[in-house]
Amino acid sequence: MNYSKYFNSIFIITIVSLLLSCNGSDKKEKLKGLKEHADFPIGTAIKIKTLSKDEKLQKLQISNFNSITSASDMKMNNITPKEGVYSWGIIDSIVGYAHKNNQRLFGHNLIWHSSTPNWVKEKAAKDSLWLGTFMKEYITKYVTRYKGKVAAWDVVNEGLESHGGNVRKTMWYNALGKDYIAKAFQYAHEADPEAILFYNDFNIERDTLKLNSTLKMIKELQAKGVPISGLGFQMHIRMDTPNEVIANSLKKAVKTGLQIHISELDIIFNKHDDTRRGGIQVYEKLTDEMKQEQAKKYKSIVKMYKTIVPKEQQYGITFWDFTDRDTWIKGFFNINDWPTIFDEQLEPKPAYFGFLEGLKEKN
Ligand code: XIL
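Just so we're on the same page, the numbering used here is the position in the sequence shown counted from 1, plus 12.
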């Protein structure tokens with residue numbers, strides 16, 4: 013037997029298996045999941061039907077996130093599609109899923125112009141007093157039913173115009189006046205005094221007028237003793253939304269002393285005008301360079317959140333859908349885009365690793 017050949021091959025086999033095992037543990041480290049690397053909750057919004065029929069998606073959801081928001085099922089048009097009808101079934105299943113997997117359940121949302129069912133609009137048009145009574149009943153019934161199970165609510169979603177500082181003239185506003193916002197918070201608080209109650213809106217990370225107006229409204233609510241406890245930045249941003257502008261907005265917002273939630277994070281390459289089907293396709297293809305740029309942007313967002321928002325105000329970062337396969341952006345704005353951290357095949361993108369790096373890096 014040629015001993016030197018024998019020892020050489022043993023040596024090579026050992027080195028190769030060492031390398032393989034290092035690589036393996038490295039992979040495991042990466043696959044440990046985002047939530048394992050964060051000291052604040054990491055959440056995702058998702059359509060519960062999509063989640064329930066896809067095991068691979070469930071595995072990714074469970075390993076990466078410890079907070080869950082339903083992307084649609086908890087909105088008013090799904091809860092009470094017809095007068096006198098309340099459908100709680102799907103929400104009960106979300107509650108079960110969150111409990112089983114040790115996840116915080118975030119309630120999105122109580123009052124939003126865009127998910128107000130037609131039957132409510134029609135009745136309100138005839139009788140605005142009725143709308144006031146309905147709002148109280150709806151919030152009280154809903155929040156009481158899930159008391160202790162839903163940790164926090166977006167009580168009012170998008171109460172201001174898309175751009176600028178004006179209040180949105182929704183049916184709620186027209187019928188009940190600006191006070192509908194304060195009342196909604198009051199009713200939610202009475203139903204569950206422990207729940208964290210958010211005002212949630214978009215464009216406030218980049219539109220200074222809109223942010224200032226939001227902060228002014230929050231100050232007024234706080235001065236009146238309205239039980240508001242959090243501000244949600246939806247954070248549907250674009251690659252060209254400047255980081256400095258986002259950072260300044262967060263700096264202003266933390267002064268409210270409220271919990272700050274990045275509540276609907278995604279980052280698009282293309283453009284839209286904030287309206288349904290209002291997308292403008294600028295990029296046809298996602299190149300490697302674009303993927304790397306997006307990774308940097310995701311990393312910057314986490315780093316800003318960690319450095320600007322004090323520990324005790326960090327309610328967490330929530331993605332709005334977490335795969336490019338399921339993202340709401342494509343259908344809603346009618347464009348092709350790649351806004352999330354997993355690709356169409358549910359594989360982690362550079363964006364995922366950028367976000368992860370941001371979580372891991374010391375400030
Ligand atoms: C979106 C859902 O993801 C879509 O499935 C639905 O068609 C429209 O609403 N801001 C919000 C969310 O507050 O409720 C929206 O969710 C996305 C924008």
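Glycine included, each C-beta is placed from N, C-alpha and C at the ideal position.
If you're wondering where the values come from, they're calculated on a predicted model, not measured in any experiment.
G36, buried or exposed, once every other Cβ within 10 Å from all chains shown has been counted against 16: Because G36 sits at a pLDDT of 45, beneath the cut-off of 50, its placement in the model cannot be relied upon, and the following sentence gives the value as read from the coordinates. So G36 ends up on the exposed side.
CB of P239 within 8 angstroms of CB of Q306, strictly: no
Under 8 angstroms between C-beta atoms of A203 and V167: no
Neighbourhood of R157 by C-beta distance below 8 angstroms, restricted to the same chain and skipping five residues each side: W100
Boundaries of the beta strand (DSSP E) in which S275 is found, first to last residue: Q271 to I280
Local conformation of H284 per DSSP, three classes: strand
Segment contact flag, the region 132–151 with the region 216–227, C-beta cutoff 8 angstroms, min 3 pairs: no
Neighbourhood of Y400 by C-beta, 6 angstroms cutoff - its chain only, sequence neighbours within 5 removed: In the structure as shown, the chain begins at 13 and stops at 375. Residue 400 is therefore absent and cannot be evaluated.
Assumed close pair I102, I60 - CB separation to whole angstroms, cut-off 8 angstroms: 6 angstroms
Reduced DSSP category for V321 - H, G, I as helix; E, B as strand; rest coil: coil
F367: CB within 7 angstroms of a non-hydrogen atom of the ligand XIL: no
Three-way DSSP call (helix, strand, coil) for R157 in this model: helix
Inter-residue CB distance, W332 and H248 (contact presumed, cutoff 8 angstroms): 7 angstroms
Nearest residue (CA-CA) to K159, options A137, A207 and K181: A207
Backbone CA spacing between D38 and H49 [nearest angstrom]: A caution first: D38 carries a pLDDT of 49, below 50, which makes its placement in the model unreliable, though a value can still be read off. Straight-line Cα distance between these residues: approximately 14 angstroms.
8 angstroms contact criterion, which Y154 and I91 should meet: CB distance rounded: 7 angstroms
Alpha carbon of S225 to alpha carbon of A194, nearest angstrom: 16 angstroms
Three-state class that DSSP yields for V132 in the structure shown: helix
Reduced DSSP category for P362 - H, G, I as helix; E, B as strand; rest coil: helix
H284 CB to nearest heavy atom of the ligand XIL below 7 angstroms: no
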